[in-house]
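Chains as they are written, first to last, in my numbering: chain A, 466 to 520; chain B, -2 to 233.
C-beta atoms are modelled at their ideal positions from N, C-alpha and C, and glycine is treated no differently.
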Amino acid sequence: MTDVRVGRYLAVTLGGATADVAERVTAMCERLLCNGVIEEFRFSLRDEAGSEPAG
Amino acid sequence: MPVRFGIVVFPGTWSDRDCAHAVALAGSEAVTLWHADRELAGVDCVILPGGFAYGDYLRAGAIAAHAPIIAAVRSFAAAGGPVLGICNGFQVLCEAGLLPGALLRNRSLQFRCQWTGLRVEGRPTPFTAGLAPATPLRIPISHGEGRYHADPDTIAGLELGGRVVLRYVDARGAATPDANPNGSLHNIAGIASAAGNVVGMMPHPERACEALLGSADGLGMFRAVAAARLGAARSR
């Protein structure tokens, strides 16, 4: 092992339209969930069945 | 008429009464402001005290930075009003973007409650103007996340702009690694906004206002803003 990192994992359930979901999650991360001075974020999206949403 | 200090109370704030006591010792009036308020009740100065606002969930100060009263504090600061964030209040100001940088876990990974020596320097602020002690201020810290951090360009800008207003130093006034209680970059204990009216600091001046309790060096910071506001009122 050459490195180890401890991060924060958040599972967020969203309602509403799915069209702009990536933009909504990005805004949440930038405004509150992540402090850009000391943290970075990445996210992936799943539908309720656990698969990647189409489109 | 005494200068009125607004002291913001969030759920989890715990140094508000100490701040009110310090304000009274400085001959001014303390006004308690509630986090859900949207107005500042016409105060002359705002203090964000220490504690664990909203339990410091997510990150220290992160939820408090979105409290309703912060919009009013933001407007007050933009209009030049003096704002002092102490400890958790400093963390809130950074999370709200009113001051640059962030406060990380102490280098020791331990909560530190101890006396520190502070050198007053940089540009004058409402809280440090006129404070030119021959020896470092003796003011305690009490925090687990006080290690000041910012990117190199931000640190350089703070230093060049005289915006580092308090620095951890030893008894001789030297900013040594041993004098740094938490691993802050450049031994930074307190910084000011570009305009100078917003100041954040990790040490607790309100807990150093009576010699009987170990130090009265913090009282000067409350007196400084009171004197400045009274001076401004007289010149109007």
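Straight-line gap, residue i to residue j (C-alpha atoms, nearest Å)
| i | j | result |
| --- | --- | --- |
| GLY48 of chain B | ARG169 of chain B | 31 Å |
| PHE508 of chain A | ALA186 of chain B | 35 Å |
| TRP11 of chain B | GLU505 of chain A | 31 Å |
| LEU182 of chain B | ALA208 of chain B | 30 Å |
| GLY82 of chain B | MET199 of chain B | 8 Å |
| ALA129 of chain B | VAL117 of chain B | 7 Å |
| ALA514 of chain A | ALA482 of chain A | 16 Å |
| GLY520 of chain A | ARG489 of chain A | With a pLDDT of 48 at GLY520 of chain A, under the threshold of 50, the modelled position of that residue is not reliable, and the figure given next carries that caveat. Roughly 16 Å separates the two Cα atoms. |
| PRO149 of chain B | LEU37 of chain B | 35 Å |
| THR491 of chain A | ARG470 of chain A | 22 Å |
| VAL70 of chain B | ARG14 of chain B | 20 Å |
| VAL43 of chain B | SER105 of chain B | 32 Å |
| ASN103 of chain B | GLY180 of chain B | 6 Å |
| ARG204 of chain B | ARG220 of chain B | 14 Å |
| GLY52 of chain B | VAL5 of chain B | 15 Å |
| GLY480 of chain A | SER516 of chain A | 16 Å |
| MET466 of chain A | ALA131 of chain B | 52 Å |
| GLY228 of chain B | GLY39 of chain B | 18 Å |
| ARG35 of chain B | GLY197 of chain B | 22 Å |
| LEU210 of chain B | ALA64 of chain B | 34 Å |
| ILE503 of chain A | ALA484 of chain A | 30 Å |
| ALA487 of chain A | CYS84 of chain B | 35 Å |
Cβ shell of residue i (< 7 Å), same chain only, five flanking positions each side left out
| i | result |
| --- | --- |
| LEU475 of chain A | LEU498 |
| ALA225 of chain B | PRO123 and ALA126 |
| VAL195 of chain B | ALA74, VAL80, LEU90, LEU95, LEU96 and ALA189 |
| LEU216 of chain B | ALA19, LEU22, ALA23 and CYS206 |
| ASP175 of chain B | ASP167 |
| GLY472 of chain A | none |
Whole-number beta carbon distance between residue j and residue i, since they are thought to touch under 8 Å
| i | j | result |
| --- | --- | --- |
| ARG135 of chain B | TRP112 of chain B | 6 Å |
| THR151 of chain B | PRO97 of chain B | 5 Å |
| LEU30 of chain B | GLY3 of chain B | 5 Å |
| GLY235 of chain B | LEU45 of chain B | Missing from the structure shown is residue 235 of chain B; chain B here goes from -2 to 233 and no further. |
| ALA68 of chain B | ILE60 of chain B | Their Cβ separation, rounded to whole angstroms, is 15 Å, which puts ALA68 of chain B and ILE60 of chain B out of contact at 8 Å. |
| ASN500 of chain A | ALA99 of chain B | 6 Å |
Cβ-based neighbour list, residue i, same chain, cut-off 6 Å, excluding 5 preceding and 5 following
| i | result |
| --- | --- |
| LEU101 of chain B | ARG144 and HIS146 |
| ALA57 of chain B | GLN88 and GLU142 |
| ASP41 of chain B | VAL0, ARG1 and ARG226 |
| ASN177 of chain B | TYR165 and ASN184 |
| PHE108 of chain B | GLY141 |
| ARG511 of chain A | none |
| ALA62 of chain B | VAL89, GLU92 and ALA93 |
Candidates the options, of which the one nearest residue i by Cα
| i | options | result |
| --- | --- | --- |
| LEU155 of chain B | B:ASP175, B:ALA93, B:ARG120 and B:THR132 | B:ARG120 |
| ALA223 of chain B | B:ASP13, B:GLU118 and B:ALA27 | B:ALA27 |
| GLU260 of chain B | A:SER516, A:LEU510 and A:ARG496 | Residue 260 of chain B lies beyond the residue range present for chain B, which begins at -2 and ends at 233; the question has no answer from this structure. |
| TYR54 of chain B | B:PRO46, B:ASP13, B:GLY215 and B:PHE7 | B:PHE7 |
| VAL161 of chain B | B:ALA191, B:THR173 and B:SER139 | B:ALA191 |
| ALA172 of chain B | B:MET218, B:LEU115 and B:GLY197 | B:LEU115 |
| ILE138 of chain B | B:SER72, B:LEU163, B:ILE66 and B:GLY158 | B:LEU163 |
| ILE66 of chain B | B:GLY39, B:GLY52 and B:HIS32 | B:HIS32 |
| GLY158 of chain B | B:SER212, B:ASP34, B:GLY193 and B:GLY211 | B:GLY193 |
| ALA213 of chain B | B:GLY228, B:PRO133, B:ALA153 and B:GLY197 | B:PRO133 |
| SER25 of chain B | B:MET(-2), B:ARG35 and B:ALA131 | B:MET(-2) |
Amino acids of chain C, ordered along the chain, whose beta-carbon sits closer than 7 Å to that of residue i
| i | result |
| --- | --- |
| ARG56 of chain B | Absence of chain C from the displayed structure is noted, the protein chains being A and B. |
Cβ shell of residue i (< 8 Å), same chain only, five flanking positions each side left out
| i | result |
| --- | --- |
| MET218 of chain B | LEU81, PHE124, THR125, LEU128 and PRO202 |
| MET493 of chain A | VAL477 |
beta-carbon residue i near the ligand FMN non-hydrogen atom, thresh 8 Å
| i | result |
| --- | --- |
| SER105 of chain B | The ligand FMN is not part of this structure, which contains no ligands at all. |
Hey, which unbroken runs of the alpha helix (DSSP H) at 4 residues or more fall wholly within the segment 139 to 202 of chain B?
Correct list: 149 to 157.
Where in the segment 65 to 144 of chain B do unbroken runs of the alpha helix (DSSP H), each at least 4 residues long, occur, reported from the N-terminal end onward?
You should have 65 to 75 and 85 to 92.
Would you mind listing the beta strand (DSSP E) stretches within the segment 8 to 51 of chain B that are 3+ residues and don't spill past its ends, in chain order?
Complete beta strand (DSSP E) runs here, min 3: 26 to 31 and 42 to 45.
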